[in-house]
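> Just passing along the structure, written as structure tokens.
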Amino acid sequence: MHYVDRAIHVATEERDEHTARHDFSVGYLAEALGQAMRLPENELVPLREAGFVHDVGKIGIPDKILLNPGKLDAEEWEIIKSHSLRGERIIAAQSNLSCEKAGTAVEIVRAVRHHHEHYDGSGYPDGLKGDEIPLWARILLVADCYDALTQRRVYRSAASHEETMAIMNAECGAFSDPKCFEVFARMIETSPLKVRPESAQGV
Ligand SMILES: [Fe+2]
4 MHYVDRAIHV ATEERDEHTA RHDFSVGYLA EALGQAMRLP ENELVPLREA
54 GFVHDVGKIG IPDKILLNPG KLDAEEWEII KSHSLRGERI IAAQSNLSCE
104 KAGTAVEIVR AVRHHHEHYD GSGYPDGLKG DEIPLWARIL LVADCYDALT
154 QRRVYRSAAS HEETMAIMNA ECGAFSDPKC FEVFARMIET SPLKVRPESA
204 QGV
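Under my numbering, think of the first position of the sequence shown as 4, with each following residue one higher.
What follows is the structure, given as structure tokens:
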């Protein structure tokens, strides 16, 4: 990894394999979406790396909450939500950033902090709305949602590609940036990253 120290991702692998796998998928999906949105070429690798570490803050969440297959109470949910700020803190503390990478690193840190902001302002941690949300964070949210829904979890089975796209379409505008979702919906149909029935988990 070029902008984020690989050791940060390895630490996530050690803590929770599911989160590490999810981080990788989100990174590749975000890169593909960024490319389809015609982001400048030099933004694609750091965007992918932001995806690779977007949930690294889950390192700081206790097992009884992170691995809880049941429904979380309000207090536990607040603790889960703290992962975006914990992730920001971890990435911002990297000591390997040379001057020419510093500006890009700031964008990665912002993307990690804001990857759960919703387009209508109902997300966290800052309740940012619309274009106030950094573009990379809006891209990560779409990628995050697609991967989360298509993967089996202990508390629910995996949704198919079609089911996932229907859910995301219904929530788009409130949850995700409609422009990002529109480009994603076009891009994913021909992408090798599209979840196909034979590769779906738990169906
Ligand atoms: Fe997250």
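No residue lacks a Cβ here, since even glycine has one placed at the ideal position from N, Cα and C.
(1) Count the other C-beta atoms from every protein chain shown that fall within 10 angstroms of the C-beta of P137, then say buried if there are 16 or more, exposed otherwise.
(2) For my contact list, A108 and H57 are in at a C-beta cut-off of 8 angstroms; report their separation, rounded to the angstrom.
(3) DSSP beta-bridge partners for C175?
(4) Is P49 buried or exposed, if buried means 16 or more other CB atoms sit within 10 Å of its CB?
(5) Among the candidates F55, G54, A53 and W80, whose CA atom is the shortest distance from the CA of I64?
(6) For I191 and A35, I'd like the C-alpha separation in whole angstroms.
(7) Taking the alpha-carbon positions, what's the Y127 to R156 distance?
(8) Any heavy atom of ligand 1 closer than 8 angstroms to the Cβ of D129?
(9) Consult DSSP for R9 and reduce its assignment to one of helix, strand or coil.
Based on what the coordinates show:
(1) buried
(2) Rounded, the Cβ-Cβ distance is 14 angstroms, inconsistent with contact.
(3) S179
(4) buried
(5) Comparing alpha-carbon positions, the option among F55, G54, A53 and W80 lying closest to I64 turns out to be W80.
(6) 9 angstroms
(7) 23 angstroms
(8) Answer for D129: no, Cβ out of range of ligand 1.
(9) helix
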